[in-house]
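Chemist:
Number of protein chains: 2
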Amino acid sequence: MPTALRPASPQLDARPLYRQVEEILLGRIVGGDWPPGHALPSEPELAAELGVSQGTVRKALTELELRHVIERRQGRGTTVSRHNSETARRHFFRLRDLSGSAVISRIIVVSCDEGRAEPWEAAALGIREGDPVHHLRRIRLLDGSPRIFERCTLSATLVPGFGVPPGEFAQELYVYLQQAHNVTIRRAEEDLSAAGADAETAEALGKPVGTPLLMVQRIAYDVANRAVEVRLSMIDTERHRYAVRLD
Amino acid sequence: MPTALRPASPQLDARPLYRQVEEILLGRIVGGDWPPGHALPSEPELAAELGVSQGTVRKALTELELRHVIERRQGRGTTVSRHNSETARRHFFRLRDLSGSAVISRIIVVSCDEGRAEPWEAAALGIREGDPVHHLRRIRLLDGSPRIFERCTLSATLVPGFGVPPGEFAQELYVYLQQAHNVTIRRAEEDLSAAGADAETAEALGKPVGTPLLMVQRIAYDVANRAVEVRLSMIDTERHRYAVRLD
DNA sequence: AAGTGGTCTAGACCACGAC
DNA sequence: TCGTGGTCTAGACCACTTA
Chain A
1 MPTALRPASP QLDARPLYRQ VEEILLGRIV GGDWPPGHAL PSEPELAAEL GVSQGTVRKA
61 LTELELRHVI ERRQGRGTTV SRHNSETARR HFFRLRDLSG SAVISRIIVV SCDEGRAEPW
121 EAAALGIREG DPVHHLRRIR LLDGSPRIFE RCTLSATLVP GFGVPPGEFA QELYVYLQQA
181 HNVTIRRAEE DLSAAGADAE TAEALGKPVG TPLLMVQRIA YDVANRAVEV RLSMIDTERH
241 RYAVRLD
Chain B
1 MPTALRPASP QLDARPLYRQ VEEILLGRIV GGDWPPGHAL PSEPELAAEL GVSQGTVRKA
61 LTELELRHVI ERRQGRGTTV SRHNSETARR HFFRLRDLSG SAVISRIIVV SCDEGRAEPW
121 EAAALGIREG DPVHHLRRIR LLDGSPRIFE RCTLSATLVP GFGVPPGEFA QELYVYLQQA
181 HNVTIRRAEE DLSAAGADAE TAEALGKPVG TPLLMVQRIA YDVANRAVEV RLSMIDTERH
241 RYAVRLD
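Protein sequences appear in the order of chains A and B.
If you're matching positions, the first sequence starts at 1 in the UniProt record's numbering and goes up one per residue.
If you're matching positions, the second sequence starts at 1 in the UniProt record's numbering and goes up one per residue.
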């Protein structure tokens, strides 16, 4: 069933055609018609279905590709992005060792509880104070040593029934969210500062209280731009650096 | 004089045409034929001169625009990017106040000397140990308070005769480099960590030695991808945050 | 009114991947 | 071999800026 992009009646939507195409395609992905890993119709097929030229479809697909919503490969086709440990880390894990190389990371879940949103969590997640949330505490081992203590808060309305067992957890959180809860994280905002280690963090990392740590507050958003997670990471930067490229 | 993009003899350059166009245009900008602020020929003119279609020129220009080398405006034309305090800050100054708003910043030059490159400086700048460099120390006031102490090292071969007087300095360093030394910074890499304040920094910021500070090491590259500056910034994050977007 | 970049089309050919 | 996305062309019309 072709989507009516340009009805006979005068078009009030003044946005460029390729923006509208982009939104239609994104809608199908967000709505679950095309789940992660699904192969999209070919460009000529999409063009015919939507009643636009292949060039317009291409421009829309290029935008979605830049936002990592889809992946295109010559000869193979276009698929909805699927998180895996590589892409999840490349996009959302900025730590490198002192030589600039990627880091081997292991994750230990300390605890996972249900709770109510504190004011700062509610503000970050765009929900109301007291709304149900899940709390997750994790320790990350970088190259074998405990270097990061993370306190994560997830909006329970977006990931109902969330829960992971304590102990080592091999999977990246965002891969797990996609596979187990059908929630795809697409972007995040981080605010960085320096702080002395608090008691809980100091114990988790085996450092004295007050040790200077890199504190990262992250808010993660899904494909539909909903805030899913707010996370406070306390990072021991003795042997690692948080890498940023400005261009 | 048209540039021969596709000679009669078989073309060995297998790169796409638009990449070659991109390189030609970038070459004219780097070479100084088109200085910052200069208006480029129109797309049809470039297409005719280079012997390609306007669509190919457009794709090359789009790439350069994404890299902030040029700026395009409908009806007005395309110009070579010129640093000003707005763009310089938007790209290279990541600090926000606790509400996420931009910050009013003043710069005080503490000292400016000539010197020889230490090993770590030489490694960062891609020069040899002992090569001539300029050292610059600055204090930044954010919203009126001293919050950042910066130690900058510039490669003297790229900015010969560099020098700024001590005291307040209204201009952004990269704007000054472009206007006074014809060097345009286009991108930078930053490595972030947490560290206790050393004696020099503690005095500059009026904080006790050992106060946790955000330490940022930046390497700045010009349009020709040469390392121009390495900078160590010590930042008091009591009332400010370093903002990063991951997408 | 003239000229610029922005959008959109229709069609050609090529490089790559899967069968 | 076939279908995919990648490149390239030629030309139309539109929206914006400047004069």
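Built from N, CA and C at the ideal position, the CB exists for glycine as well.
What three-state label does DSSP hand I127(A) in the structure shown?
Modeler: Translated into positions along the first sequence, residue 127(A) becomes position 127. In the structure shown, I127(A) sits in coil (DSSP, three-state: anything other than H, G, I, E or B).
Chemist: Can you tell me whether L95(A) is helix, strand or coil according to DSSP?
Modeler: On the first sequence, residue 95(A) is found 95 positions in, with the first residue counted as 1. Strand, per DSSP.
Chemist: Work out the CA separation of L205(A) and T56(B) for me, nearest whole Å.
Modeler: Counting from 1 along the second sequence, the entry for residue 56(B) is found at position 56. Counting from 1 along the first sequence, the entry for residue 205(A) is found at position 205. Spanning the two alpha carbons is a distance of roughly 54 Å.
Chemist: Distance cutoff 8 Å, beta carbons only. Does E189(A) sit that close to anything in chain B?
Modeler: Numbered from 1 along the first sequence, position 189 holds the residue referred to as residue 189(A). True, the Cβ-Cβ gap to chain B drops below 8 Å.
Chemist: In the region 105 to 132 of chain A, which residues sit with their C-beta less than 7 Å from some C-beta in chain B, listed in chain order?
Modeler: If the cut-off is 7 Å between Cβ atoms, the region 105 to 132 of chain A has nothing near chain B.
Chemist: Since L192(A) and L214(A) are thought to touch, with beta carbons under 8 Å apart, how far apart are those beta carbons, to the nearest angstrom?
Modeler: What you label residue 192(A) is simply residue 192 of the first sequence in a count that begins at 1. What you label residue 214(A) is simply residue 214 of the first sequence in a count that begins at 1. With 8 Å as the limit, L192(A) and L214(A) qualify as a contact, their Cβ atoms being about 7 Å apart.
Chemist: Is there a C-beta anywhere in chain B that falls below 8 Å from the one on V183(A)?
Modeler: As a position in the first sequence, residue 183(A) is number 183, starting the count at 1. Not an interface residue.
Chemist: Mind reading off the beta-carbon distance from residue 254(B) to V52(B)? Whole number of angstroms is fine, and I expect it under 8 Å.
Modeler: As shown, chain B starts at 1 and ends at 247. That puts residue 254(B) outside it, with no answer to give.
Chemist: Thinking C-alpha only, which one of R58(B), R82(B), K207(B), H38(B) is nearest D222(B)?
Modeler: For this step, residue 222(B) is matched to residue 222 along the second sequence. If we check each option's Cα against that of D222(B), R82(B) comes out closest.
Chemist: With 16 as the cutoff for other CB atoms within 10 Å, does W34(B) come out buried or exposed?
Modeler: In the second sequence, residue 34(B) corresponds to position 34, counting from 1. Buried is the call here.
Chemist: Does DSSP put Q179(B) in a helix, a strand or coil?
Modeler: Counting from 1 along the second sequence, the entry for residue 179(B) is found at position 179. Note: Q179(B) maps to helix in three-state DSSP.
Chemist: What does H38(A) reach in chain B if we use C-beta pairs closer than 7 Å?
Modeler: Sequence index remark: in the first sequence, residue 38(A) carries index 38 (1-based). Residues of chain B passing the Cβ test: none, with the nearest at roughly 21 Å.
Chemist: Could you please tell me which residues of the region 88 to 101 of chain B, in chain order, have their CB closer than 7 Å to any CB of chain A?
Modeler: The region 88 to 101 of chain B vs chain A, Cβ under 7 Å: H91, F92.
Chemist: Distance cutoff 8 Å, beta carbons only. Does A202(B) sit that close to anything in chain A?
Modeler: Counted from its first residue, the second sequence places residue 202(B) at position 202. So, not an interface residue.
Chemist: What's the C-alpha gap between R147(B) and V133(A)?
Modeler: Taking the second sequence and counting its residues from 1, one reaches residue 147(B) at position 147. Taking the first sequence and counting its residues from 1, one reaches residue 133(A) at position 133. The alpha-carbon atoms of R147(B) and V133(A) are separated by roughly 36 Å.
Chemist: According to DSSP, simplified to helix, strand and coil, what is A227(B)?
Modeler: Taking the second sequence and counting its residues from 1, the one referred to as residue 227(B) is at position 227. It is a strand residue.
Chemist: Where DSSP assigns a beta bridge to A243(B), which residues make up the other side?
Modeler: Taking the first residue of the second sequence as position 1, residue 243(B) is located at position 243. The partner list for A243(B) (beta bridge, DSSP) reads D191(A).
Chemist: Three or more C-beta pairs under 8 Å: does that hold for the region 179 to 192 of chain A against the region 157 to 169 of chain A?
Modeler: They touch, by the three-pair rule.
Chemist: Could you tell me whether the Cβ atoms of I219(B) and A124(B) are closer together than 8 Å?
Modeler: Taking the second sequence and counting its residues from 1, the one referred to as residue 219(B) is at position 219. Taking the second sequence and counting its residues from 1, the one referred to as residue 124(B) is at position 124. For I219(B) and A124(B), yes; Cβs fall inside 8 Å.
Chemist: Rounded to a whole number of angstroms, what is the C-alpha to C-alpha distance between A117(B) and L158(A)?
Modeler: Stepping through the second sequence from its first residue, residue 117(B) is reached at position 117. Stepping through the first sequence from its first residue, residue 158(A) is reached at position 158. Distance between the alpha carbons of A117(B) and L158(A): 54 Å.
Chemist: Please confirm if R245(B) has its CB atom under 8 Å from at least one CB of chain A.
Modeler: Stepping through the second sequence from its first residue, residue 245(B) is reached at position 245. Answer yes: the Cβ-Cβ gap between R245(B) and chain A drops below 8 Å somewhere.
Chemist: When DSSP builds the beta bridges, which residues end up paired with H134(B)?
Modeler: For the purposes of this step, residue 134(B) is taken as residue 134 along the second sequence, with counting starting at 1. DSSP output for H134(B) lists E114(B), L154(B) as bridge partner(s).
Chemist: Candidates P36(A), W120(A), G196(A), L40(A): which alpha carbon is nearest residue 307(A)'s?
Modeler: An answer regarding residue 307(A) cannot be provided, because it is not within the stretch 1 to 247 covered by chain A.
Chemist: At which residues does the alpha helix (DSSP H) containing L64(B) begin and terminate?
Modeler: Residue numbering aside, residue 64(B) sits at position 64 when the second sequence is read from its first letter. Its alpha helix (DSSP H) spans residues 54 to 66.
Chemist: Comparing the C-beta of Y242(A) with each C-beta of chain B, is any distance below 8 Å?
Modeler: Along the first sequence, one-based indexing puts residue 242(A) at 242. For Y242(A), the answer is yes, since a Cβ of chain B falls inside 8 Å of its Cβ.
Chemist: Since V216(B) is in the alpha helix (DSSP H), which residue starts that stretch and which ends it?
Modeler: For the purposes of this step, residue 216(B) is identified with residue 216 of the second sequence, where counting begins at 1. Where V216(B) is concerned, there is no enclosing alpha helix (DSSP H), although the beta strand (DSSP E) it sits in stretches over 212 to 222.
Chemist: Closest Cβ-Cβ distance between Q11(A) and chain B: below 8 Å?
Modeler: Numbered from its first residue, the first sequence carries residue 11(A) at position 11. Low confidence applies here, because Q11(A) scores a pLDDT of 43, under 50, leaving its location unreliable and the question unanswered by this model.
Chemist: For L142(B) and R106(B), I'd like the C-alpha separation in whole angstroms.
Modeler: Position 142 of the second sequence, counting from 1, holds the residue named residue 142(B). Position 106 of the second sequence, counting from 1, holds the residue named residue 106(B). Cα to Cα, L142(B) sits roughly 7 Å from R106(B).
Chemist: Can you name the residues of chain A whose CB is closer than 9 Å to the CB of T153(B)?
Modeler: In the second sequence, residue 153(B) corresponds to position 153, counting from 1. The contacting residues do not exist; T153(B) stays about 18 Å from chain A at best.
Chemist: According to DSSP, what are the bridge partners of E168(A)?
Modeler: Taking the first sequence and counting its residues from 1, one reaches residue 168(A) at position 168. DSSP output for E168(A) lists I108(A) as bridge partner(s).
Chemist: For the UniProt domain "HTH gntR-type" (15 to 83) of chain A, enumerate the residues whose C-beta is nearer than 8 Å to any C-beta of chain B, in chain order.
Modeler: Residues R67, H68.
Chemist: If contact means a Cβ-Cβ distance below 7 Å, which residues of the region 206 to 217 of chain B contact chain A?
Modeler: Those would be P212, L213, L214, in chain order.
Chemist: Reducing DSSP to helix, strand and coil, say where L50(A) ends up.
Modeler: The count along the first sequence starts at 1 and reaches residue 50(A) at position 50. Reduced to three states, the DSSP call for L50(A) is helix.
Chemist: In whole angstroms, what is the alpha-carbon distance linking L66(A) and E23(B)?
Modeler: Numbered from 1 along the first sequence, position 66 holds the residue referred to as residue 66(A). Numbered from 1 along the second sequence, position 23 holds the residue referred to as residue 23(B). Spanning the two alpha carbons is a distance of roughly 22 Å.
Chemist: Along the chain, where does the alpha helix (DSSP H) that runs through E203(A) open and close?
Modeler: Counting from one through the first sequence, the residue named residue 203(A) turns up at place 203. Per DSSP, E203(A) belongs to the alpha helix (DSSP H) from 199 to 205.
Chemist: In chain order, what residues of the same chain lie with their CB nearer than 6 Å to the CB of E71(B), ignoring the 5 residues before and after it?
Modeler: Your numbering for residue 71(B) matches position 71 in the second sequence. These residues qualify, in order along the chain: T79, S81.
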